[in-house]
Amino acid sequence: MSLNQVFSISQRGPLLAAGLTDLSQRDLLALACVVLGVIAQMLQRRLPAGLGPSLFVAGATFGGGIIVHDRFTGTQPAIYLTLVFASVICMVCSGTGAATALGERSRRNDGRHPPSDIFFTWSLIAGFTAAGLIAYFLAVHTGQRLFSLSRERGQAVPLGGFLALAALLVAVLVWRLSHCRPHQPTMLLVIGALAAWWGAMVFPLARGGQAEVGLIAWLPPWWSWVFQLMAGLAALIVAAAVIQDNRYRRRIMAAWPDRLDELVEPYLRWPGYIQTEAMIAAALLVLCVYQLVRREAPSAALFSAAAVASLSAGSACLFLAYRRWSANTAGLGMALVTATIVHASAAIATLMLPDSLSAQYAHRMPVLYNAILLSLAVMAALWRWLARVWDQQLLDGIAWTTTGRMIPYARRTAFFIIAIAALVAFQMAIWPQRIPEVDDNTAGRIVCGTGAMLLFALIAAIAARQGGSPALAAMSLVFVAAAALFVFVRLPASALRGWLVQYDAVVYSVAALPILGLAELVPATRWRAFAVPLWMVALLLLPAGALTQLLGAPLPEGWVKPLTLAILGAVYGIAGLREHRRAFLVLAGVLIVASVTTLLRA
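Take 119 as the starting number for the sequence shown in the working numbering and just add one per residue.
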């Protein structure tokens with residue numbers, strides 16, 4: 119040993135002491151926490167079961183937390199620093215648990231859990247905390263983009279969030295290599311969903327700025343953060359389906375000849391995996407709807423790409439429903455396939471619109487609504503037709519194939535499509551009243567809009583007649599009313615239109631008479647499902663509308679009120695005589711007396 123080496127060794131102790139004196143009290147506290155944790159881990163065999171590893175994790179967490187708080191506070195939001203720190207702790211605990219498991223030759227004979235299980239438990243707790251914080255952080259930023267008008271509305275999230283997600287991914291993979299558990303694939307799926315969400319929030323709110331760098335700058339301008347989230351979730355669903363089926367095929371191939379019992383095992387044995395897939399597919403479906411009504415100028419390429427994303431995800435959901443039956447997955451698959459056709463029709467409508475009108479939200483939405491109605495009509499008829507075709511898959515009324523199980527859900531999907539289309543129809547009908555600067559009263563628009571609504575009314579009417587469903591019959595009447603409102607709102611100003619608006623109470627009461635006649639005639643025909651809805655319209659909705667107008671604004675003429683009451687009395691009188699309902703007869707008498715009294719006073 120040389121003289122210089124001896125001198126350096128002799129000086130190492132004072133230098134270390136001088137370095138410790140330069141540390142602040144909080145740094146010393148953090149160092150003390152880590153040292154105590156290491157000592158507890160070294161003495162874990164002499165401590166109660168699980169106490170040593172728990173103290174080690176606690177010491178590392180408190181020490182690291184103090185350092186992160188002192189060094190990085192103010193550089194990033196506190197919740198962002200917390201989620202990154204929790205992810206790192208999760209990875210450290212998982213790695214320590216795996217390293218500890220390598221040194222464990224056998225389980226303890228006293229029934230206590232080995233130290234590696236304690237580390238993996240704390241890793242699980244830290245991972246759940248980090249995932250919850252990441253979801254909350256992304257939800258806040260998403261809410262700001264959707265609802266907030268502040269300056270923070272267009273801010274993108276830091277790229278460092280991918281490091282936190284990578285730490286969680288490493289933690290789960292290390293844990294799986296050490297201890298294989300059935301719920302680990304579900305964790306990987308959740309991490310993938312969070313990564314897709316974070317990747318979308320990296321995009322700015324509005325594309326085309328000068329600050330775009332990297333891959334975002336190379337993407338087309340229509341590639342927004344909403345579509346990025348759609349593409350990410352769709353790719354995740356497809357990847358999950360491919361991985362599941364690949365593992366299933368490998369398991370079947372490995373079953374011969376020594377493990378034939380694997381052939382009767384279920385397709386999937388991962389707890390929570392199916393439910394997580396359904397939640398991701400539902401989120402994608404919501405994004406498909408939101409993409410249609412965004413205020414940003416659309417493009418045919420955007421709607422076409424959205425159709426591809428929804429089609430791939432819907433096909434994957436239907437394939438998974440075929441492999442292992444799940445009603446939620448099957449229903450979401452049919453909904454996503456429907457969204458595919460809707461986006462395709464929106465792309466065609468966008469191509470037909472001039473660029474000047476396509477860029478204006480108020481002018482393009484009625485056209486998009488019309489295209490959406492037509493595509494929804496096609497899909498409602500398709501699912502109803504498939505439900506009737508799939509009846510051949512029933513054995514004595516019992517489903518024994520996937521398509522047989524899908525029959526009630528196809529009918530339910532068709533009904534939901536009809537219900538959603540009714541909302542779209544009324545939204546399109548009253549659009550000029552909501553947006554005064556838009557006329558939307560050209561001959562082509564009136565023909566297309568009325569035709570789409572009447573087509574839906576016909577589809578619902580045929581379905582009601584075939585199934586004897588009063589609910590579908592009511593939806594058919596709703597579309598007829600929407601078509602009438604659509605035409606009435608777009609009628610040019612005239613004496614007839616003014617008279618109808620001024621004397622609407624009389625119009626409602628007079629309209630109740632022929633509708634009541636139809637309600638009395640249809641029970642003897644194949645359209646008997648319309649009897650109850652027509653009765654509701656004639657004896658409840660129209661009289662309620664007429665009486666509301668009588669009690670509202672001042673009437674234009676003195677004869678309006680007595681005439682309206684007299685007609686309503688006649689309506690209830692006819693209904694009471696035909697159906698032998700004393701309550702209707704009493705109400706008819708009250709209305710006629712009120713009519714006579716009002717006329718005498720006038």
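The C-beta atom is built at its ideal place from N, Cα and C for all residues, glycine as well.
Distance from the CA of Ala-401 to the CA of Ser-433, rounded to the nearest whole angstrom, comes to 16 Å. Apart from the 5 residues on each side of it in sequence, Val-292 sits with its Cβ closer than 6 Å to the Cβ of Ser-212, Gly-213 and Ala-216 in its chain, given in chain order. Straight-line spacing of the CA atoms in Ala-561 and Glu-414 works out to 28 Å.
Ranking His-698, Pro-300, Tyr-198 and Val-407 by CA distance to the CA of Ala-282 puts Tyr-198 first. With respect to the C-alpha of Arg-506, the residue from Thr-716, Val-496, Ala-196 and Thr-521 having the closest C-alpha is Thr-521. No Cβ-Cβ contact shorter than 8 Å links Tyr-690 with Leu-660.
Taking the C-beta atoms as reference points, Pro-610 is found no nearer than 8 Å to Asp-558.
By alpha-carbon distance to Glu-383, the top candidate from Ile-392, Gly-390, Tyr-391 and Ala-373 is Ala-373.
Taking the Cα positions, Arg-502 is about 9 Å away from Phe-533. Rounded to whole angstroms, the gap between the alpha carbons of Phe-238 and Ser-296 is 10 Å.
Apart from sequence neighbours up to five positions away, the residues of its chain that approach Gln-667 with a beta-carbon distance below 6 Å are Asp-622 and Ala-623, ordered along the chain. When DSSP states are grouped into helix, strand and coil, Leu-636 belongs to the helix group. Rounded to the nearest angstrom, the Cβ distance from Phe-421 to Thr-468 is 6 Å, consistent with a contact under 8 Å.
Distance between Ile-392 and His-698, taken at the CA atoms: about 55 Å.
Runs of the beta strand (DSSP E) lying entirely within the stretch 410-447, each at least 3 residues long, are absent. Annotated as proximal: Ala-249 and Leu-312, with beta-carbon spacing under 8 Å. Secondary structure at Ala-349: helix, using DSSP grouped into helix, strand and coil. Here DSSP, grouped into helix, strand and coil, assigns Ile-459 to helix.
Unbroken alpha helix (DSSP H) runs of no fewer than 4 residues, entirely contained in the stretch 599-647, are found at 613-620 and 622-639, following chain order. Collapsing the DSSP output to three states places Leu-513 in a strand.
Taken atom to atom, the span from the alpha-carbon of Leu-410 to that of Trp-443 is near 31 Å. The criterion of a C-beta distance shorter than 8 Å is satisfied by Ala-489 and Ile-466. For Arg-615, same chain residues with a beta-carbon under 6 Å away, outside a window of 5 residues either side, are Leu-609 in chain order. Met-305 is the residue among Met-305, Gln-273, Arg-299 and Val-275 whose C-alpha sits nearest the C-alpha of Ala-285. For Cys-566, the enclosing alpha helix (DSSP H) starts and ends at 561-585. For the pair of segments examined, the stretch 635-649 was found to touch the stretch 580-589: the number of CB pairs separated by less than 8 Å reaches three.
In the three-state DSSP reduction, Gln-273 falls in the coil class, being neither helix nor strand. Per DSSP, Tyr-527 is one residue of the alpha helix (DSSP H) stretching across 520-547.
Beta-bridge partners assigned by DSSP to Thr-191: Gln-194.
C-alpha of Pro-680 to C-alpha of Val-714: approximately 7 Å in a straight line.
Nearest neighbour of Ala-464 by Cα position, chosen from Leu-491, His-301 and Met-319, turns out to be Leu-491. Ranked by Cα distance from Val-290, the options Gly-245, Pro-276 and Val-275 are led by Gly-245.
Taking the CA atoms as reference points, Arg-367 sits about 58 Å from Val-605. A distance below 8 Å separates the beta carbons of Ala-579 and Ala-591. If you draw a straight line from the Cα of Leu-429 to the Cα of Tyr-626, it comes to about 46 Å. The C-beta distance from Val-607 to Pro-550 rounds to 6 Å, short enough to meet the 8 Å contact threshold.
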